[in-house]
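Sequential numbering of the sequence shown, starting at 21, is according to our numbering.
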Amino acid sequence: WTMRLHFYWARPRGLLDEAHAGSQQGLVLVDTPGYGHAVAGAKELRHWRDLIEAYVSSSPSLRLALLLVDCSRGLCAADGRVLRLLRKRRVPTFAVLTKCDLLPPAELARSHAIVSAQVDEALRNG
Numbered sequence: 021w022t023m024r025l026h027f028y029w030a031r032p033r034g035l036l037d038e039a040h041a042g043s044q045q046g047l048v049l050v051d052t053p054g055y056g057h058a059v060a061g062a063k064e065l066r067h068w069r070d071l072i073e074a075y076v077s078s079s080p081s082l083r084l085a086l087l088l089v090d091c092s093r094g095l096c097a098a099d100g101r102v103l104r105l106l107r108k109r110r111v112p113t114f115a116v117l118t119k120c121d122l123l124p125p126a127e128l129a130r131s132h133a134i135v136s137a138q139v140d141e142a143l144r145n146g
């Protein structure tokens with residue numbers, strides 16, 4: 021389980037040689053705790069929520085967000101809060117279904133439709 025923010029710097033293979041040493045080209049991936057359906061105490065979940073909200077609210081370099089959604093569970097209330105916060109900050113966001121290999125194609129298609137509707141609903145009610 022991810023318990024805190026983890027930062028990973030990635031850059032294209034062509035920029036790894038000495039000629040590009042010190043180059044700031046690339047991107048930083050930030051892995052956040054899974055707050056939605058995580059098995060954790062209320063205090064820990066609150067801490068993760070506060071951590072994520074502080075990062076989203078204060079990061080000047082945040083350019084894109086990928087919201088990972090378990091296809092068998094859909095969005096939770098915390099996902100809706102994060103989506104609204106990202107929209108408020110005008111951060112482009114994509115919901116990405118995970119664990120898709122666990123569902124047969126027809127159920128996966130239903131899950132996709134449900135999650136799409138949940139995202140729309142979460143943003144409408146913000």
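Every residue, glycine too, gets a C-beta built ideally from N, C-alpha and C.
_Suppose only complete runs of 4+ residues qualify. What are the alpha helix (DSSP H) ranges in the stretch 45-114, listed by chain order?_
Assignment of alpha helix (DSSP H) within the stretch 45-114, counting only whole runs of 4 or more residues, yields 62-78 and 97-108 in chain order.
*List the endpoints of the continuous alpha helix (DSSP H) containing L143.*
Per DSSP, L143 belongs to the alpha helix (DSSP H) from P125 to R144.
*How should L79 be labelled, buried or exposed, when 16 other C-beta atoms within 10 angstroms of its C-beta is the threshold for buried?*
The displayed chain sequence assigns Ser, not Leu, to residue 79. That one is exposed.
*Since R144 contacts A98 with CB under 8 Å, what's their CB separation in whole angstroms?*
No, R144 and A98 are not in contact; Cβ-Cβ is about 17 Å, not under 8 Å.
_Buried versus exposed, by CB contacts within 10 Å (16 or more), I134_ = Burial call: exposed.
*Can you grab the Cα-Cα spacing for the pair L47 / Y28, in whole Å?*
Straight-line Cα distance between these residues: approximately 8 Å.
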